[in-house]
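Structure, as structure tokens:
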Amino acid sequence: MDEKLKIQVGPKTAPLMDDVLDYDKVMDSLDHFMDWLAVQYISALNIIHYMHDKYSYEASLMALHDRDVYRTMACGIAGLSVATDSLSAIKYARVKPIRDEKRPGGGL
């Protein structure tokens, strides 16, 4: 759910309505989104690389290289430690979600 526009942006799924989050249910929900999220991420990276190539943002820096440059796709993993910490807390502790009653289904 987009926080500002209040529209659904990802695949629809039923909200987790338990009082305490269950690790297996959270992982199933996360797996449901991973393929979609990977496609969105790579699309965004392709757009960024295309625009860098189109407008030569890095031309002056690339001119300093001695030989042919082998370019790769840089896929960072920002937020991995936050996701890992959150999943660990859900697995090994009792995590109670704080719900936004204004969202459809009382979402997290």
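Position in the sequence shown (first residue = 1) + 13 = the numbering used here.
We treat Cβ as the ideally placed atom computed from N, Cα and C, and that holds for glycine.
- One alpha carbon belongs to Asp48, the other to Tyr83, and they sit about 28 Å apart.
- Ranked by Cα distance from Ile55, the first of Thr26, Ala72, Asp41 and Cys88 is Cys88.
- Residue state for Lys17 is assigned as coil, using DSSP reduced to three classes.
- Secondary structure at Ala106: coil, using DSSP grouped into helix, strand and coil.
- In its chain, beyond the 5 residues on either side, His45, Phe46 and Trp49 have a beta carbon closer than 7 Å to the beta carbon of Pro24.
- For Leu34, the number of other beta carbons within 10 angstroms of its own is at least 16, and it is reported as buried.
- Looking from the CA of Ser101, the closest CA among Met40, Asp15 and Leu29 belongs to Met40.
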